[in-house]
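Take a look at the structure set out below.
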Amino acid sequence: MANIAAFFFLCLSMSMSSYLQVFLQAMAHEWPGGRSTRFYDFKVQTLRVTKLCNTKEIVTINKMFPGPVVYAQEDDRIIVKVTNETPYNATIHWHGVRQKLSCWFDGPSYITQCPIQAGQTFTYEFTLVKQKGTFFWHAHVSWLRATVYGAIVVYPQTGVPYPFKYPYQEHIVILGEYWLRDVVQLERQVLASGGAAPPADAFTINGHPGPNYNCSRNDIYKIDVVPGKTYLLRLINAGLNMENFFAIANHKLTIVEADAEYTKPFTTDRVMLGPGQTMNVLVTANQPIGKYSMAIGPYMSAQNVAFQNISAVAYFQYLGAVPNSISLPAKLPSFNDNLAVQTVMDGLRSLNPVNVPKEIDTSLFVTVGLNVNKCRSKTPQQNCQGTNNGTMAASMNNISFVKPTISILEAYYKKIGGHFTEDFPGAPLRFYDFVNGAPNNAPNNTQAINGTRTKVLEFGSRVQLIFQDTGTVTTENHPIHLHGYSFYVVGYGTGNFNPQTANFNLVDPPYINTIGVPVGGWAAIRFVADNPGVWFMHCHLDIHQSWGLGAVLIVENGKGEMETLPHPPADLPRC
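Just so you know, the sequence shown maps onto residues -17 to -1, 1 to 558 in mature numbering (1 follows the signal peptide of the UniProt record, and there is no 0).
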């Protein structure tokens, strides 16, 4: 419990009696016994903040930015009462939590629940079954997660050590993006325009932009470090529309966990995280006493897209350093350094050999990419600002996902017809040179088909999914997130997927929940469909999700109570 701030957040979210209990146990350097229940009270509230020379209201949880940390141990039960005190619709998604038999509490709006409306309350309940590590929670309505996010830190059960030397301290480092505009209005305006989203006004580290931005010389995050000690940094990318490089000047990072699963230790100068990805890294303060920059900058693999190129900076400051000294700059890769991204991906391996499905029952081939639809507006100058006066869209297998007006899970469970179909194609309607020969005569041959299409999977089926990036509009690295599951990344590469030449790792592939499908390339994942429910699969760049880059997997019930989705909670929000 070295991190005092973390302990303070924990106490804030608990009653006095549990505060005392945790205080006594923290003093004994021991976390409460696993399999206990932890209660949190989340109030969705607006907070007045001044950043980048501007004062505005942002939506937060409990008037904290970033929001409160949820602390737990493996196998604990978590109960979070969420009360919406803002005029905006809200939901919370517990990113990376596999929600075993608790799909009702997964959080994506119109997929598993209707939003929590102004003045309403909904209580989320789930168990962290065999899960530990760094996760995060975020809003899953509109673009509210730009400010509505926070860490989830799940410790191993009492007496179970980390598979690496215990660090001197742990720190949560959340990467984000900050907009001066109201993000709910911004999403509406971008979608109405038919064009691209503007870049963020700043990158942030734990909510702080740092000294490279206007009026932000004192708006900076800092970690004070003791020379010679090793620190565990829990990195989380909570950004909205950008992938980011992260580095610390003159210091190596050793990756020991990705998406809350242990990896073989892998040492590197920098890492790349897409939105939705988490990573634990060890850093040893083994340099001369001084002030070192921790920096995040952009990774932009697409062509002709505007992006924020000013780095956010925090300080990794040695005790004994001169307070006002100049910080040593961190070396970040150039914004389009695909090789730097691949190098990190190549280094990710599960800590131990894993049980990867060798035989496959269901194989899906899914293209991911952008589209340009023909202008259908009577006011094209306002509404058709996409490529060649079309409207921007995105799709999987050329189906652009449209969210229904009630939740798909409710419609599926209660057998309410007319809200979704079960005909998401298991392969593109036609095969071509996806990367280099993609249709690009926008908007004439780049259109997507709209639909709320789902793919039904039998309980227990062994699934392989090949994600293929396409060159329609532009190739791009897409961070694809699957709700309700982690999956093995058995292969990836550049160009078009070719089963004859693809190399698969079936021994120790990483087990993650968000995969960066390589720019102009492919990724292959495998998992067993053993968690019944309705699970969203989407690009975690919110602009792409808004444009339709998603689909839904429905996993049927198996046999008996432990393989059957329970009935909905009584307080499930109504649409």
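Built from N, CA and C at the ideal position, the CB exists for glycine as well.
Since this is a predicted model, take the numbers as computed values, not measurements.
Candidates the options, of which the one nearest residue i by Cα
{"i": "Tyr54", "options": "Lys398, Ala534 and Thr117", "result": "Thr117"}
{"i": "Gln103", "options": "Tyr93, Trp120, Thr74 and Ile94", "result": "Thr74"}
{"i": "Thr350", "options": "His461, Pro139 and Glu68", "result": "His461"}
{"i": "Gln28", "options": "Pro51, Pro150, Gln82 and Leu347", "result": "Pro51"}
{"i": "Tyr275", "options": "Glu459, His78, Lys148 and Val305", "result": "Val305"}
{"i": "Asn479", "options": "Ile449, Ser529, Asp513 and Asn319", "result": "Ile449"}
{"i": "Glu108", "options": "Ser317, Asn419, Phe22 and Met277", "result": "Phe22"}
{"i": "Asn201", "options": "Val209, Gly190 and Val208", "result": "Gly190"}
{"i": "Asn321", "options": "Trp87, Glu459 and His76", "result": "Glu459"}
{"i": "Ile334", "options": "Asn423, Ile238 and Pro482", "result": "Looking at the sequence itself, residue 334 is Leu, so the reference to Ile does not match. Of Asn423, Ile238 and Pro482, the residue nearest in Cα terms is Ile238."}
{"i": "Val136", "options": "Ile219, Val511 and Val446", "result": "Ile219"}
{"i": "Phe510", "options": "Phe249, His550 and Lys341", "result": "Lys341"}
{"i": "Leu548", "options": "Leu84, Gly401 and Leu555", "result": "Leu84"}
{"i": "Pro144", "options": "Val156, Ala122, Lys115 and Phe384", "result": "Lys115"}
{"i": "Gly420", "options": "Thr457, Phe384, Lys438 and Asn433", "result": "Thr457"}
{"i": "Met225", "options": "Ile203, Asn488, Ala507 and Ala285", "result": "Ala285"}
{"i": "Val112", "options": "Pro551, Pro363, Met545 and Ile432", "result": "Met545"}
{"i": "Glu153", "options": "Pro182, Pro146, Phe186 and Thr213", "result": "Thr213"}
Reduced DSSP secondary structure (H/G/I, E/B, other) of residue i
{"i": "Thr69", "result": "coil"}
{"i": "Trp530", "result": "helix"}
{"i": "Gln451", "result": "strand"}
{"i": "Thr110", "result": "strand"}
{"i": "Asp202", "result": "coil"}
{"i": "Glu459", "result": "coil"}
{"i": "Ala323", "result": "helix"}
{"i": "Pro515", "result": "coil"}
{"i": "Val27", "result": "strand"}
{"i": "residue 595", "result": "Beyond the ends of the chain as shown, which are -17 and 558, falls residue 595; an answer cannot be given."}
{"i": "Asn354", "result": "strand"}
{"i": "Arg413", "result": "coil"}
Own chain partners of residue i with C-beta closer than 7 Å, once the 5 adjacent residues on each side are dropped
{"i": "Lys542", "result": "none"}
{"i": "residue 559", "result": "There is no way to answer for residue 559, as the model of the chain reaches only from -17 to 558."}
{"i": "residue 577", "result": "In this structure the chain extends from -17 to 558, so residue 577 is not present and cannot be described."}
{"i": "residue 559", "result": "No answer is possible for residue 559: it lies beyond the span of the chain, which begins at -17 and ends at 558."}
{"i": "Lys205", "result": "Ala297, Tyr298 and Gln300"}
Distance between residue j and residue i (C-alpha atoms, nearest Å)
{"i": "Leu465", "j": "Pro91", "result": "12 Å"}
{"i": "Leu524", "j": "Val502", "result": "14 Å"}
{"i": "Asn37", "j": "Met520", "result": "36 Å"}
{"i": "Gly454", "j": "Tyr415", "result": "11 Å"}
{"i": "Leu35", "j": "Ile537", "result": "44 Å"}
{"i": "Leu412", "j": "Gly159", "result": "37 Å"}
{"i": "Pro492", "j": "Thr326", "result": "15 Å"}
{"i": "Gly467", "j": "Gln140", "result": "22 Å"}
{"i": "Leu236", "j": "Ser360", "result": "51 Å"}
{"i": "Ile495", "j": "Glu244", "result": "7 Å"}
{"i": "Val32", "j": "Ile41", "result": "7 Å"}
{"i": "Thr250", "j": "Asp329", "result": "12 Å"}
{"i": "Ile188", "j": "Gly401", "result": "44 Å"}
{"i": "Asn381", "j": "Phe417", "result": "12 Å"}
{"i": "Ala230", "j": "Met255", "result": "9 Å"}
Under 8 Å between C-beta atoms of residue i and residue j
{"i": "Val517", "j": "Ile391", "result": "yes"}
{"i": "Asn233", "j": "Gln291", "result": "no"}
{"i": "Val473", "j": "Val339", "result": "yes"}
{"i": "Ala241", "j": "Leu331", "result": "yes"}
{"i": "Gly499", "j": "Gly476", "result": "no"}
{"i": "Lys39", "j": "Leu215", "result": "no"}
{"i": "Ala268", "j": "Gly211", "result": "yes"}
{"i": "Tyr161", "j": "Pro49", "result": "no"}
{"i": "Met379", "j": "Ala129", "result": "no"}
{"i": "Gln451", "j": "Phe384", "result": "no"}
{"i": "Ile157", "j": "Ala134", "result": "yes"}
Residues of its chain near residue i, where Cβ-Cβ distance is below 8 Å and the 5 sequence neighbours each way are ignored
{"i": "Gly373", "result": "Gly177, Val355, Asn356, Lys357, Cys358, Cys367, Ala425, Pro426 and Thr429"}
{"i": "Lys386", "result": "Ser92, Tyr93, Ile94 and Thr435"}
{"i": "Thr345", "result": "Gly409, Leu440, Glu441, Ser444, Arg445, Val446, Gln447 and Ala512"}
{"i": "Trp126", "result": "Val166, Val167, Leu169, Glu170, Leu223, Asp525 and Ser529"}
{"i": "Asn486", "result": "Gly474 and Gly476"}
Residue-chain proximity (residue i, chain D), Cβ-Cβ < 8 Å
{"i": "Pro462", "result": "You won't find chain D in this structure, because it holds only one protein chain."}
Other residues of its chain near residue i: CB distance less than 6 Å, five sequence neighbours each side excluded
{"i": "Gly280", "result": "Phe228, Ser294 and Leu315"}
{"i": "Arg18", "result": "Asp58"}
{"i": "Phe105", "result": "Val65, Ile99, Asp554 and Pro556"}
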